[in-house]
Amino acid sequence: MLFTINGVIVVSGISKAKKRIDEAVERICAEKNIPTIPHWRMHDMRRTMVTMMNEQLKIPPHVVEACVNHISGAAKMGVAGVYNKAPYLRVVK
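Quick note on this note's numbering: the sequence shown kicks off at 64 and runs consecutively.
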């Protein structure tokens, strides 16, 4: 299975989770009298995380890519990609 919570149980309920997040954000924005966040998708959180890891935390790009399970960049292209199979697990943790 590709996406699991423990290696066995499949991740589900993403739509319900998104709805709960939207409701919480709306409530907080109303309490603080600030505009709500316009339409957004869960993937936007991934983009934000990648941006912050690169810009603010200065995490090397190949480690950020490993965190989001991307295979690109010089560390994984061409000959390097053939030989470099490191998952960078210690760095990712």
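Glycine included, C-beta positions come from ideal geometry on N, C-alpha and C.
In this text the structure is predicted, and so the values were computed from the model without any measurement.
Shown here, valine 71 sits in coil according to DSSP, grouped into three states, outside any helix or strand. When DSSP states are grouped into helix, strand and coil, isoleucine 91 belongs to the helix group. The residue from Glu118, His106, Val88 and Lys82 with its alpha-carbon nearest to that of proline 98 is Val88. Distance from the CA of lysine 79 to the CA of glutamate 128, rounded to the nearest whole angstrom, comes to 27 Å.
Here methionine 105 really is in contact with isoleucine 77; their C-beta atoms are around 7 Å apart, less than 8 Å. Excluding five sequence positions before and after methionine 116, the CB atoms of its chain that fall closer than 6 Å to its own CB belong to Ile122 and Val127, given in chain order.
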